[in-house]
Amino acid sequence: MTRFLKKKAWLFALLLTATLTTASETGSGPENRIENTILSYNRALIEAAKDPNFLKDFSDKSRFEPFAEEKVAQKLYIWIKSWHENNLYMDAELLEIEFEKVDITDKKAEVSTREIWKYRYFRHVDINRTTEAWPPAKIYYKVKYLLNFTDGNWKIESIKVLSEREEKL
Numbered sequence: 007m008t009r010f011l012k013k014k015a016w017l018f019a020l021l022l023t024a025t026l027t028t029a030s031e032t033g034s035g036p037e038n039r040i041e042n043t044i045l046s047y048n049r050a051l052i053e054a055a056k057d058p059n060f061l062k063d064f065s066d067k068s069r070f071e072p073f074a075e076e077k078v079a080q081k082l083y084i085w086i087k088s089w090h091e092n093n094l095y096m097d098a099e100l101l102e103i104e105f106e107k108v109d110i111t112d113k114k115a116e117v118s119t120r121e122i123w124k125y126r127y128f129r130h131v132d133i134n135r136t137t138e139a140w141p142p143a144k145i146y147y148k149v150k151y152l153l154n155f156t157d158g159n160w161k162i163e164s165i166k167v168l169s170e171r172e173e174k175l
């Protein structure tokens, strides 16, 4: 390889490294990490609420603890478990989430979202069959999440539903 081509290859590698580093830093900034925490929490909620084999005992609340403080994880566990004990399961889908405001001060964050969810509640009749318990609905929420930064991670400290509007499907 000629000296000129070596310089060009070195310059290209340097620019590529700088571009990739900037892109990865942008994608892992505090705001992005906070949004990912909220999305991960909601995914865990969706999976737990519809699976009859999920949350078999109280220690299973720890599945929510990577995203939520213990009291929030415990509250979610109890809420889902109370539905499951009555043979009610929620098949939910987060259709849209808009992060309207993310305010970060030191090790605290306040996040305001607009969320659109679709729910269907069902009962298990037997291992391969379910029946509808409530008809499907679309729910529009405004939500405020408070998060803490502890041990290198953002965790949800509290969730407050500011408004809710239901649309039957």
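Heads up: the sequence shown at position 10 corresponds to 16 in the working numbering, and the numbers run straight through without jumps. Cβ atoms here follow ideal geometry from the backbone N, Cα and C, with glycine treated the same way.
Between the CA atoms of residue j and residue i - distance to the nearest angstrom
{"i": "Q80", "j": "D57", "result": "18 Å"}
{"i": "N59", "j": "E138", "result": "19 Å"}
{"i": "P36", "j": "I110", "result": "8 Å"}
{"i": "K113", "j": "N154", "result": "6 Å"}
{"i": "W1", "j": "I52", "result": "The structure shown does not extend to residue 1, since the chain is modelled only from 7 through 175, so no value can be given for it."}
{"i": "K166", "j": "K150", "result": "5 Å"}
{"i": "A98", "j": "G158", "result": "30 Å"}
{"i": "W123", "j": "S164", "result": "19 Å"}
{"i": "E173", "j": "N48", "result": "20 Å"}
Collapsed DSSP secondary structure at residue i in the structure displayed
{"i": "E102", "result": "strand"}
{"i": "N38", "result": "helix"}
{"i": "F70", "result": "helix"}
{"i": "I52", "result": "helix"}
{"i": "I44", "result": "helix"}
{"i": "E75", "result": "coil"}
Close beta carbons around residue i, own chain, < 6 Å, minus the five adjacent residues each side
{"i": "S2", "result": "Nothing can be reported for residue 2, as the shown portion of the chain is limited to 7 through 175."}
{"i": "F70", "result": "A50, A79, L82"}
Cβ-Cβ distance between residue i and residue j below 8 Å
{"i": "T136", "j": "F128", "result": "yes"}
{"i": "F105", "j": "E41", "result": "yes"}
{"i": "E121", "j": "E102", "result": "yes"}
For residue i: DSSP bridge partner residues
{"i": "N159", "result": "T156"}
{"i": "D132", "result": "R135"}
{"i": "K150", "result": "S118, K166"}
{"i": "V108", "result": "V117"}
Close Cβ partners of residue i (< 8 Å) along its chain, the five nearest in sequence each way excluded
{"i": "K107", "result": "E116, V117, S118"}
{"i": "H130", "result": "P58, N93, Y95, T136"}
Chain C within 8 Å of residue i, Cβ atoms only
{"i": "R171", "result": "Absence of chain C from the displayed structure is noted, only one protein chain being present."}
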